[in-house]
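In the order they appear, the protein sequences are chains A and B. The opening position of the first sequence corresponds to residue 952 in the working numbering, with each subsequent residue numbered one higher. The opening position of the second sequence corresponds to residue 952 in the working numbering, with each subsequent residue numbered one higher.
Number of protein chains: 2
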Amino acid sequence: MRARRSSHRKLAADHDDTPLRARLGQRPTIRDVSRLAGVSRMTVSRVIRDLDLVLPATRERVNKAIANLGYVPDRAAGSLASRRTGFIALILPTLTNTNFAAVAHGLTESLRQADYDLLIAYTEYSLEEEERQLKNLLARRPEAIVLTGAVHRRAAARLLLACDVPVIEIADLPRHPLEHAVGFSNYQAGRAAARYLIERGHRHIGAVASASASDGDVIDHRGEERMRGFEDELRLHGRSTELVLRHGRAPVSYEHGAAVTPILLQREPRLDAVFAVSDLSAVGVVMECQRRRLQVPEQLSVMGFGDFEIGTQINPALTTVHVDFRALGQRTARLLLELLSGATSPRPSIIDVGLRVIERASVMSR
Amino acid sequence: MRARRSSHRKLAADHDDTPLRARLGQRPTIRDVSRLAGVSRMTVSRVIRDLDLVLPATRERVNKAIANLGYVPDRAAGSLASRRTGFIALILPTLTNTNFAAVAHGLTESLRQADYDLLIAYTEYSLEEEERQLKNLLARRPEAIVLTGAVHRRAAARLLLACDVPVIEIADLPRHPLEHAVGFSNYQAGRAAARYLIERGHRHIGAVASASASDGDVIDHRGEERMRGFEDELRLHGRSTELVLRHGRAPVSYEHGAAVTPILLQREPRLDAVFAVSDLSAVGVVMECQRRRLQVPEQLSVMGFGDFEIGTQINPALTTVHVDFRALGQRTARLLLELLSGATSPRPSIIDVGLRVIERASVMSR
DNA sequence: GTGAAAGCGCTAACAT
DNA sequence: ATGTTAGCGCTTTCAC
Chain A
952 MRARRSSHRK LAADHDDTPL RARLGQRPTI RDVSRLAGVS RMTVSRVIRD
1002 LDLVLPATRE RVNKAIANLG YVPDRAAGSL ASRRTGFIAL ILPTLTNTNF
1052 AAVAHGLTES LRQADYDLLI AYTEYSLEEE ERQLKNLLAR RPEAIVLTGA
1102 VHRRAAARLL LACDVPVIEI ADLPRHPLEH AVGFSNYQAG RAAARYLIER
1152 GHRHIGAVAS ASASDGDVID HRGEERMRGF EDELRLHGRS TELVLRHGRA
1202 PVSYEHGAAV TPILLQREPR LDAVFAVSDL SAVGVVMECQ RRRLQVPEQL
1252 SVMGFGDFEI GTQINPALTT VHVDFRALGQ RTARLLLELL SGATSPRPSI
1302 IDVGLRVIER ASVMSR
Chain B
952 MRARRSSHRK LAADHDDTPL RARLGQRPTI RDVSRLAGVS RMTVSRVIRD
1002 LDLVLPATRE RVNKAIANLG YVPDRAAGSL ASRRTGFIAL ILPTLTNTNF
1052 AAVAHGLTES LRQADYDLLI AYTEYSLEEE ERQLKNLLAR RPEAIVLTGA
1102 VHRRAAARLL LACDVPVIEI ADLPRHPLEH AVGFSNYQAG RAAARYLIER
1152 GHRHIGAVAS ASASDGDVID HRGEERMRGF EDELRLHGRS TELVLRHGRA
1202 PVSYEHGAAV TPILLQREPR LDAVFAVSDL SAVGVVMECQ RRRLQVPEQL
1252 SVMGFGDFEI GTQINPALTT VHVDFRALGQ RTARLLLELL SGATSPRPSI
1302 IDVGLRVIER ASVMSR
């Protein structure tokens, strides 16, 4: 280190002849490669980036030098010079949800080829945390920002609007998107579920979701949209919404459904259908019913959302609302790639990946 | 941009007087802040990094300028200068496994406070992919590398050994760790499961896991270790291992258990116990048994590994081998922080977080 | 407590 | 096809 610095002072950039031994124990730089290969740093840079302007013979010499030294380029330095970091920021509520993990999967697959790296953060459904994470990510200069949609803190929205990179909201279709959006209507998902249950003759329909924290910060906004849709559809049919229960904190899981079942049953013993904000909670409902010797679907129909694999395996298999999250990830990646290649007009894209009710055995007609 | 570059040529570093309007539409840099606050860039840098050598009054002026401009520091530039990127690389088989997601969670929580960002990659259980991901991550100059343990490609191991940052293998305890390790013995987990089933009087004991790909690249090595332990314990008790079935490709899930159950049953109709390499597969076994009107545990005992939440909810609840993956993540974070602060001797740490059998209702004594 | 100089390891732009 | 120059936006070092 010492040796290099002082030699820099005296020598032209590409003629530094600091002996290799002086660099022992240091990571080799592009200059070490260039000296070993007897070319300029630019040539090495071109080889690294596969720029096709290098004679095959030269290229091979360089590659040999790279291999010999075990050289690994430093992308932080490259980013600084090229003003392209190769980072895409992804902010998700949680990773412990296979559907969100599937989104990350779909994104990574497509982005890897274009040599982008995902910078993943998760908020645990807290808007405060979203803002904190966003600030943190911005310092890494992502070339695009992908985050779950619709609701953000004021300051976070301002940051997103102000930053000069594409912003994509996913997993919902906000009425007022910040910019681009790839998702589906959670509200319509809720309505579809209610309609499905009503059409099948259920009279005492309940629903379960998480509650928001007292300070309103921790909240599953997309789940809440589904509940809103569910309630609106109930009202549209002149039904009561008093069996729509919000309980516990997001994210919901199996235990949520198990805990909420007796509450609902106590509130309305004639309960004949339940919609859960997530399959995981719905599975919990089914399991609790098994324990209570309550027949699903004969005595109680159960419906979920998200089409998680466990729903296909339980008995009876779970009727649910399906959204293709992997496709959502891939579609987002495609949009991202268009945006980043500058091929698309800057006109905001709003992409609906749709949803559909999957009929399985946990709901029966009455 | 143009304006800035040319002015640079003529002016001393901190006396650049490029008008602010020339910078419109550009992200503000530290220099913009310094000019607005009427201080040098160094002072701004000190404020940003909370270096406590700045007069409160100065600090406030700087902070005001930062807020006015909406300045966000560029960590790529900072990394280059300070030679500290603040990145920790994490390579996992998959994110779609709540236990691995829990590790990522545990790690993030602790590392965020120290201002480190996790760079997450996943391999889908492919060693080739592990190597590719590793190369990719290395270019981001992580200050430490965390990856699932024990088996790596030669080239990957060489890269890990050669790189000058701490390497921590997790989720297993390799016989020959590359450096540090935080995990548990998958082999002992398998033995413990076999012992548990044998002690409870089972006579026809089966086990199910994934098979390795034909080219041997895609394989769940830690799961395979559990199977090895399971088989060894069976042999130790003079039992046959012919009901240890390897089927399908990692990662296993619910469907795996469902698919494998009839195969096992056909091979040995008197089958009275099954150990699955993962709770997810074990749950699939239980569900398939329900469909076949095979009583668990009366006719067949089922045991899993990993203590996933679903195992606590199914009926009967799943007996399993528990490992605290969140603690594993936190313990890893603690080691990481020690290592990175230089507090610890460079002596490799091998940390066993242990495991234990959780008795629930899916296994009965015969 | 603050500032100037030098340079981190790379690439854009412009030679040749 | 390859090389030279001049930074990218920060921080280190050392001076005052």
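All residues carry an ideal CB built from backbone N, CA and C; glycine is no exception.
Counting along the chain, no alpha helix (DSSP H) covers V1247 of chain A, and no H or E run does either. For I1301 of chain B, the enclosing beta strand (DSSP E) starts and ends at 1301–1303. Taking C-beta separations shorter than 6 Å and ignoring five residues to either side along the sequence, the partners of S1136 of chain A in its chain run L1124, following chain order. Using a Cβ-Cβ cut-off of 8 Å, S1136 of chain B does not count as an interface residue toward chain A, since no Cβ of chain A sits closer than that to its own. Within the region 1238–1259 of chain B, those residues whose Cβ lies closer than 7 Å to any Cβ of chain A are, in chain order, M1238, Q1241, R1242. Around I1265 of chain A, the beta-carbon contacts reaching into chain B at under 7 Å are M1238. Between G1157 of chain B and E1219 of chain B the beta-carbon gap is near 7 Å, inside 8 Å, which marks them as a contact. Sequence-distant Cβ neighbours of S1300 of chain B in its own chain, meaning closer than 8 Å and more than five residues away, are H1131, A1132, V1133, L1286. Chain-ordered listing is empty here: chain A has no CB closer than 7 Å to the CB of S1191 of chain B, the nearest sitting near 29 Å. For the options B:H1127, B:L1088, B:L1231, B:G1029, the alpha carbon positioned closest to that of G1174 of chain B is the one of B:L1231. Proximity to D1223 of chain B across B:E1249, B:R1298, B:M1238 peaks at B:E1249, based on C-alpha coordinates. A1065 of chain B and L1288 of chain B have their C-alpha atoms some 8 Å from each other. Check the Cα spacing between V1247 of chain B and each of B:G1280, B:V1314, B:V1195: the tightest is with B:V1314. D1171 of chain B counts as buried, since at least 16 other C-beta atoms from the protein chains shown sit within 10 angstroms of its C-beta. Among the residues facing chain B, Y1205 of chain A is included, as its CB has a counterpart in that chain under 8 Å away. Counting every other CB atom within 10 Å of its CB across the protein chains shown gives D1068 of chain B a total of 16 or more, marking it as buried.
Straight-line spacing of the CA atoms in D1303 of chain A and G1280 of chain A works out to 12 Å. Within a 10 Å sphere around the beta-carbon of G1189 of chain B sit fewer than 16 other beta-carbons, which makes this residue exposed. Looking at A:D1115, A:V1054, A:G1257, A:R1034, the one whose alpha-carbon comes closest to that of A1278 of chain A is A:V1054.
Non-local beta-carbon contacts of L1043 of chain B in its own chain, meaning distances under 8 Å to residues more than five positions away in sequence, involve F1051, V1054, A1055, I1071, A1072, Y1073, T1074, L1098, T1099 in chain order. As for any alpha helix (DSSP H) of minimum length 4 sitting wholly inside the region 1154–1209 of chain B, the runs are 1172–1187, ordered along the chain. Counting along the chain, the unbroken beta strand (DSSP E) around D1068 of chain A starts and ends at 1068–1073. At a beta-carbon threshold of 9 Å, the residues of chain B lying near L1089 of chain A are V1023, ordered along the chain.
Of the candidates A:S1061, A:A1108, A:A988, the residue whose Cα lies closest to the Cα of Q1084 of chain A is A:A1108. Taking 4 residues as the minimum length, the alpha helix (DSSP H) runs contained wholly in the region 1256–1312 of chain B are 1260–1264, 1276–1292, in order along the chain.
When the beta-carbon positions are compared, V1169 of chain B and S1077 of chain B come within less than 8 Å of each other. Proximity of T1212 of chain A to chain B, defined by a Cβ-Cβ separation below 8 Å, is not satisfied. Taking a beta-carbon distance threshold of 8 Å, R1092 of chain B counts as an interface residue toward chain A. Close to chain B, meaning a Cβ-Cβ distance shorter than 9 Å, are the following residues of the region 1099–1126 of chain A: R1109, L1110, A1113, C1114, D1115. Residue A:A1209 holds the alpha-carbon nearest to the alpha-carbon of I1261 of chain B among A:R1298, A:V1253, A:A1209, A:L1031.
By the Cβ-count criterion, E1239 of chain B is buried, with 16 or more other Cβ atoms from all chains shown falling within 10 Å of its own Cβ. Per the coordinates, the alpha-carbon of R1154 of chain A lies some 57 Å from the alpha-carbon of I1096 of chain B.
Here T1212 of chain A has V1236, E1239, C1240 as same chain residues with Cβ atoms under 7 Å from its own Cβ, once five neighbours each way along the sequence are excluded. Contact check for L1290 of chain B and P1093 of chain B: beta-carbon distance about 12 Å, past the 8 Å limit, so the pair fails to qualify. Between V1195 of chain B and the set B:Y1205, B:V1225, B:E1206, the nearest pair of CA atoms involves B:V1225. Per DSSP, reduced to three states, the secondary structure at T1049 of chain B is helical.
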